[in-house]
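Heads up, the thing below is written out as structure tokens.
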Amino acid sequence: MAPFGKIYTYPNNYRVQIAQVIADINNLTLEIPEFTMGVTNKTPDFLSKFPLGKVPAFSSADDTFHLTEGLAIARYIASSGPASAQLLGSDPKSSALIEMWALFGESELSSAAIPPLLMVLAKKIPYDEARYNQCAGNFERAVKRLEVAIKDGRKFLVGDKLTLADLAVLGPLQLASKFLFDGEMRKQAPSVEGYLKGLLEVPEVKKNFGTELTFCEKRVQG
């Protein structure tokens, strides 16, 4: 099968894993070219297509259409195959709910998890205790909101099949399980762990995310 397009990224980027799950469900093939952060994305050719040098970055198979921002890429791939109604919603209400949760994943979970990651694991920015604690509090609030939505035992956030909504929360939650989503927080959201394990049983999710859920018992701090 000819590639639908290619995505430039560094390894283990959950936003790209989301796109790969969606592509598999839609029977589309994505190419992941060799990429070196700070090198590939600073070349004139790359910057002519993606002026900010950001990744993930998507290029269509004919190299005439270019996208950045993980959610935009995920939506485009989701809308381009036979499972678009499943992934993005089949009516205005389900589509709006999926959009709500996808934005929740970015604005509430990712935005709270990434700064602590950069402080304590990647060591890309200086440790700031006040900012770390604020992010941890915001993340905990978001996890509690998710708990409210799934405590009735549902397997998926919208409908009875996997959608972009589930993938958008899975990515940052799996990442944060290693350093932020600790035992104390999980006690306050007991349904979330089972929900995540259920998502990782979906074949396309298992293929791209694996089955690893390494929960930390205590938060990693500076």
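Each residue of the sequence shown is one higher than the one before, starting from 132 at the first, in my numbering. The beta carbon of each residue, even a glycine, is placed where N, CA and C say it ideally should be. Values in this document were obtained by computation on a predicted structure and should not be read as measured data.
To the nearest angstrom, how far is the alpha carbon of residue i from that of residue j?
i    : j    : result
F310 : C347 : 6 Å
Y141 : K318 : 33 Å
V351 : Y145 : 20 Å
A214 : I256 : 40 Å
S242 : A307 : 11 Å
V354 : G353 : What the structure shows of the chain is the stretch from 132 to 353, and residue 354 is not part of that stretch, so it cannot be assessed.
A192 : P134 : 6 Å
D222 : Q148 : 26 Å
Y263 : M231 : 26 Å
T174 : G314 : 44 Å
S226 : G302 : 20 Å
P334 : E165 : 26 Å
N339 : E162 : 14 Å
P172 : L178 : Here residue 172 is Asn; the residue named in the question, Pro, does not match the sequence. Straight-line Cα distance between these residues: approximately 7 Å.
A154 : T342 : 19 Å
Quick one: what's got a C-beta closer than 8 Å to residue i's C-beta in the same chain, skipping five residues either side?
i    : result
S322 : E278, I281, K282 and G284
If you measure between the beta carbons of residue i and residue j, is that distance less than 8 Å?
i    : j    : result
L240 : A209 : no
V170 : Y139 : no
M316 : E271 : yes
L228 : V289 : yes
Q305 : L252 : no
K337 : Q217 : no
D297 : F287 : yes
T160 : M132 : yes
A320 : K254 : no
When DSSP builds the beta bridges, which residues end up paired with residue i?
i    : result
T199 : A188
Y139 : A188
E162 : K137
Out of the options, point me to the one whose CA is closest to residue i's CA.
i    : options                   : result
N157 : W232, A205 and F177       : A205
E200 : G184, G212 and D193       : G184
T195 : K137, P303 and G302       : K137
K220 : T294, L198 and P164       : Residue 220 is actually Gly in this sequence, not Lys. Minimum Cα distance to G220 is reached at T294.
V300 : C266, Y326 and A188       : Y326
H197 : S238, F181 and L304       : F181
G212 : L249, N269, D291 and A150 : A150
F189 : K173, T174, Y207 and E230 : Y207
A233 : F287, T167, A244 and L202 : L202
Q265 : N339, N143, N172 and A244 : A244
Is any heavy atom in the ligand MN found nearer than 7 Å to the beta carbon of residue i?
i    : result
E324 : For the structure depicted, the ligand MN is absent and the ligand set is empty, with no information on it obtainable.
Grab me the residues of residue i's own chain with a C-beta within less than 7 Å of its C-beta, minus the 5 sequence neighbours each way, in chain order.
i    : result
A267 : P247, L311 and R350
K224 : none
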